[in-house]
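Peer 1: According to the working numbering, the stretch in the sequence shown is residues 284 to 694, in order. Glycine is no exception: its CB is placed at the ideal position from the N, C-alpha and C atoms. Shown below is the structure under consideration.
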Amino acid sequence: MARSFLNLVAAGAGAVALVLVAACGEEPGAGAGPLRPGEQLKIKGQTYFVEKLPDGGKVVLTPPVAPTESLGAFVTPVEAWSSSAQDSAGRTARKLIDGSGWAQTYPGSAVYVHAANVYEDAGCMWNGMMGKDNWVLFDLGKEYNLAGIYVWNYNEKGGWNTRGVKEMEVLAGPEKDKLQKLTACTLEMAPGTDDYRGQAVAFDKPVKARWVRFDIKSNYRGGEMVGLAEVRFANADVKGEVPRKVEFKPKHARPTHPKLAVGQRLEGAENVTYPADAGVIDVTKAPYNAKGDGVTDDTAAIQKALDDWPDKGAIIYLPNGAYLICDTLKWGGKPNTQKRTILQGQSRAGTVIRLQDNCPTRTRESPRRAYGPARPPPSGSATRFTTSPSIPAWAIRAPAGCSSSPTTRAA
Ligand SMILES: [Ca+2]
Numbered sequence: 284m285a286r287s288f289l290n291l292v293a294a295g296a297g298a299v300a301l302v303l304v305a306a307c308g309e310e311p312g313a314g315a316g317p318l319r320p321g322e323q324l325k326i327k328g329q330t331y332f333v334e335k336l337p338d339g340g341k342v343v344l345t346p347p348v349a350p351t352e353s354l355g356a357f358v359t360p361v362e363a364w365s366s367s368a369q370d371s372a373g374r375t376a377r378k379l380i381d382g383s384g385w386a387q388t389y390p391g392s393a394v395y396v397h398a399a400n401v402y403e404d405a406g407c408m409w410n411g412m413m414g415k416d417n418w419v420l421f422d423l424g425k426e427y428n429l430a431g432i433y434v435w436n437y438n439e440k441g442g443w444n445t446r447g448v449k450e451m452e453v454l455a456g457p458e459k460d461k462l463q464k465l466t467a468c469t470l471e472m473a474p475g476t477d478d479y480r481g482q483a484v485a486f487d488k489p490v491k492a493r494w495v496r497f498d499i500k501s502n503y504r505g506g507e508m509v510g511l512a513e514v515r516f517a518n519a520d521v522k523g524e525v526p527r528k529v530e531f532k533p534k535h536a537r538p539t540h541p542k543l544a545v546g547q548r549l550e551g552a553e554n555v556t557y558p559a560d561a562g563v564i565d566v567t568k569a570p571y572n573a574k575g576d577g578v579t580d581d582t583a584a585i586q587k588a589l590d591d592w593p594d595k596g597a598i599i600y601l602p603n604g605a606y607l608i609c610d611t612l613k614w615g616g617k618p619n620t621q622k623r624t625i626l627q628g629q630s631r632a633g634t635v636i637r638l639q640d641n642c643p644t645r646t647r648e649s650p651r652r653a654y655g656p657a658r659p660p661p662s663g664s665a666t667r668f669t670t671s672p673s674i675p676a677w678a679i680r681a682p683a684g685c686s687s688s689p690t691t692r693a694a
């Protein structure tokens, strides 16, 4: 059961810190500046809120969704049998009760999901031939007061989820040979994805039982094979698990930059400046008017400067500031003439071109590639930035939260 949504790293006795591995722009760190209590974060498609920010760079997030054990604590059967099983593939009824392919989204979330890869854990779901009498029998080991059942239907990806149970009857009782019919229910078809949360089926009232049998009447593909992924029973006498508060430690800290005016000198950094009459093209001046404030989209402003000065030996100058962009910057003019244009920052530490998260204009390519692509430029245009060997280095920073480290174009 090593599988989980988020990569988990135990951080010593008692404490759990999670290293979030999420797509760029999805983890804490996606925005600008430090996290704030109440701030909404999207992690793996789930919405969380920042509850508090203890010391040590940790973040406490509120649980995203209701816990699984809504009807009562899990009772895990001690044995399970079925009318038939695909034994050769390891898909026996025991796969319904052994936790195979089944885990919490993260420790303490109290939300249980079942994997879609049927080969995980040497087969993590049960399936058998759909015949005349199809059943699964569970022995709970002793008598419990049952409030209902938790079922994760057959969840194999690639369209095989239609093997899942559709209609079934649930029978239960203290003795194996004297089971009472409790309910007839229709299960939902599993989505065939790793975030499958299963469903709870409540009985009309709690019932004393050690043995439970599912009599399966139909599946979602009208025959062939039928299956389930995991089953638990709800103990009416014990409350289910509630989500624990879990401390997160984001893998990538949000960069914080000193509050400086655009162009203000950064203490300890180099300071490349030019006299007013030097003829450099300052992108923060008219007619370009880039803001460099980390908020305004400066794509068009910088691009216009590049378009206006394609191969004239110009120095295009970016004073200290954070220039937010949301699309590929391209050299203007004819291909292979960019060596005659110089892109110069005021300092390596202070001049930052930052890709906006979730750029609306970039839907087909990874936004991380918007600067200095590793692939060849498309024919007829040059898209690769190169700085002249004669100028100092300056920094290009990937958006906060991206796994790539800051890229520096060294001198
Ligand atoms: Ca399983």
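Which class does residue 444 belong to by DSSP, given the choice of helix, strand or coil?
Peer 2: Along the sequence shown, one-based indexing puts residue 444 at 161. In this structure, residue 444 counts as helix in the three-state DSSP scheme.
Peer 1: Under 8 Å between the Cβ atoms of residue 410 and residue 433?
Peer 2: By one-based count along the sequence shown, residue 410 stands at place 127. By one-based count along the sequence shown, residue 433 stands at place 150. Cβ atoms of residue 410 and residue 433: not closer than 8 Å.
Peer 1: Closest to residue 497 by C-alpha separation, out of 521, 478, 470 and 522, would be which residue?
Peer 2: Here the question's residue 497 lines up with position 214 in the sequence shown. When each option's Cα is compared against that of residue 497, the closest is 470.
Peer 1: Could you have a look at residue 485 and say whether DSSP puts it in helix, strand or coil?
Peer 2: The residue you call residue 485 lines up with position 202 of the sequence shown. Residue 485: strand per DSSP, three-state reduction.
Peer 1: Applying the 10 Å Cβ sphere with the 16-neighbour rule, what's the burial state of residue 464?
Peer 2: Numbered from its first residue, the sequence shown carries residue 464 at position 181. Looking at its Cβ environment, which holds fewer than 16 other Cβ atoms inside 10 Å, residue 464 is exposed.
Peer 1: Sort out for me which residues DSSP pairs residue 385 with in a bridge.
Peer 2: Sequence index remark: in the sequence shown, residue 385 carries index 102 (1-based). Answer is 397, bridged to residue 385.
Peer 1: How many angstroms separate the CA atom of residue 345 from the CA atom of residue 561?
Peer 2: Counted from its first residue, the sequence shown places residue 345 at position 62. Counted from its first residue, the sequence shown places residue 561 at position 278. In this model, residue 345 and residue 561 are separated by some 55 Å (Cα to Cα).
Peer 1: Spatial neighbours of residue 425 within its chain, please: CB distance less than 7 Å, with the 5 preceding and 5 following residues excluded, ordered by chain position.
Peer 2: Position 142 of the sequence shown holds residue 425. Within the same chain, residue 425 has close Cβ partners 493.
Peer 1: With residue 585 as the anchor, note down where its alpha helix (DSSP H) starts and where it stops.
Peer 2: Within the sequence shown, numbered from 1, the residue matching residue 585 stands at position 302. Secondary structure note for residue 585: its alpha helix (DSSP H) is the uninterrupted segment 582-591.
Peer 1: Return the CA-CA distance between residue 576 and residue 545, expressed in angstroms with no decimal places.
Peer 2: Here the question's residue 576 lines up with position 293 in the sequence shown. Here the question's residue 545 lines up with position 262 in the sequence shown. Each residue's Cα considered, the two are about 7 Å apart.
Peer 1: If distances are taken between C-alpha atoms only, which option among 449, 590 and 456 comes closest to residue 618?
Peer 2: Start at 1 with the first residue of the sequence shown, and residue 618 comes out as number 335. Minimum Cα distance to residue 618 is reached at 590.
Peer 1: Locate the beta strand (DSSP E) running through residue 599, then write down its first and last residues.
Peer 2: As a first step, residue 599 must be located in the sequence shown, where it is residue number 316. For residue 599, the enclosing beta strand (DSSP E) covers residues 598-601.
Peer 1: Where does residue 473 sit, in a helix, a strand or coil, going by DSSP?
Peer 2: To locate residue 473, count along the sequence shown from 1; it is residue 190. Residue 473: coil per DSSP, three-state reduction.
Peer 1: Residue 596: which of 564, 583, 585 and 606 sits nearest, CA to CA?
Peer 2: Here residue 596 is taken as the residue at index 313 of the sequence shown, counted from 1. Of the listed residues, the one whose Cα sits closest to residue 596 is 564.
Peer 1: With residue 447 and residue 510 assumed to form a contact (beta carbons below 8 Å), what rounded beta-carbon distance in angstroms separates them?
Peer 2: Here residue 447 refers to the residue found at position 164 of the sequence shown. Here residue 510 refers to the residue found at position 227 of the sequence shown. Yes, they are in contact, since the Cβ atoms of residue 447 and residue 510 sit about 7 Å apart, within 8 Å.
Peer 1: According to the neighbour-count rule (16 or more other Cβ atoms, all chains shown, within 10 Å of its Cβ), is residue 611 buried or exposed?
Peer 2: Start at 1 with the first residue of the sequence shown, and residue 611 comes out as number 328. Residue 611 should be labelled buried.
Peer 1: Return the Cβ separation of residue 400 and residue 440 in integer angstroms, given the expectation that the two are a contact with Cβ distance under 8 Å.
Peer 2: Taking the sequence shown and counting its residues from 1, the one referred to as residue 400 is at position 117. Taking the sequence shown and counting its residues from 1, the one referred to as residue 440 is at position 157. The Cβ separation is near 7 Å, so the contact holds.
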